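Below: one structure, written as structure tokens.
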């Protein structure tokens, strides 16, 4: 939170600082492009110095998201497969036993197959249409915050 105090003194652009206020459309835009300019409220263009603080603000919000909503099951499964592959590769490097090459190839194929089977993620507007239908009212990408969006998703999947 030290950066926020320094930011208050500098504060050239107004920005989103929490997932409780950031619109989901901007959240997806940062994820898609990797550009922190989407954290800025309004039309002001951030300076180089602004980007330093915006990067820290993004990290803070991403950590806030992780603490509140955690990791998805799909992400954890992918991560576990990657860890398994890394362990096999490390064992091969350390022991030089040739059977690890076969196990590595098998694990790579499993990873490749799991990525092919999974459907491509839907566009935000398509997901919001489903949420709107479920909620019984229009859910806007510009007005719905990150925390509201993921609460909607969690409520729909836990029914």
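Residue numbers (the numbering used here): 114 to 272. Each residue gets a CB set at the ideal place from its N, CA and C atoms; glycine is no exception. As the structure is a prediction and not an experimental result, all values here were calculated from the model.
Please classify residue i: does DSSP put it in a helix, a strand, or coil?
i           : result
residue 149 : helix
residue 128 : strand
residue 201 : helix
residue 270 : helix
residue 233 : Here the model assigns residue 233 a pLDDT of 46, short of 50, so the residue's position is not dependable and the matter cannot be decided.
residue 158 : coil
residue 120 : Low confidence applies here, because residue 120 scores a pLDDT of 48, under 50, leaving its location unreliable; read the following figure in that light. Three-state result, residue 120: helix.
residue 143 : helix
residue 196 : helix
residue 251 : coil
residue 74  : Given that the chain is displayed from residue 114 to residue 272, the structure contains no residue 74 and the question cannot be resolved.
residue 246 : helix
residue 223 : helix
residue 214 : helix
Can you name, in chain order, every residue of its own chain whose Cβ lies under 6 Å from the Cβ of residue i, other than the five neighbours on each side?
i           : result
residue 153 : 126, 128 and 159
residue 265 : 244
residue 136 : 255
residue 174 : 132
residue 194 : 224
For residue i, list the residues DSSP reports as bridge partners.
i           : result
residue 258 : 136
For residue i, which residues in the same chain have their Cβ closer than 8 Å to its Cβ, ignoring the five residues on either side in sequence?
i           : result
residue 233 : Any answer about residue 233 is weak, because its pLDDT of 46 lies below 50 and its placement is not dependable; what the coordinates show is given next. Excluding sequence neighbours, residue 233 sits near nothing in its chain.
residue 230 : Residue placement at residue 230 is flagged as unreliable, the pLDDT there being 43, under the threshold of 50; the coordinate-derived value follows with that caveat. Counting only Cβ-Cβ distances below 8 Å, and skipping sequence neighbours, we find nothing.
residue 139 : 129, 151 and 152
residue 251 : 245
Short of 7 Å in beta carbon distance, which residues of its chain neighbour residue i, apart from the five on each side in sequence? Order them along the chain.
i           : result
residue 247 : 269
residue 163 : 125 and 126
residue 262 : 137
Exercise. For the stretch 199-216 against the stretch 180-187, are there 3 or more C-beta pairs whose distance is under 8 Å?
Worked result: Fewer than three pairs of CB atoms, one per stretch, sit closer than 8 Å, so the stretch 199-216 makes no contact with the stretch 180-187.
Exercise. Between the stretch 159-173 and the stretch 215-223, do at least 3 Cβ pairs fall closer than 8 Å?
Worked result: Not touching, per the Cβ criterion.
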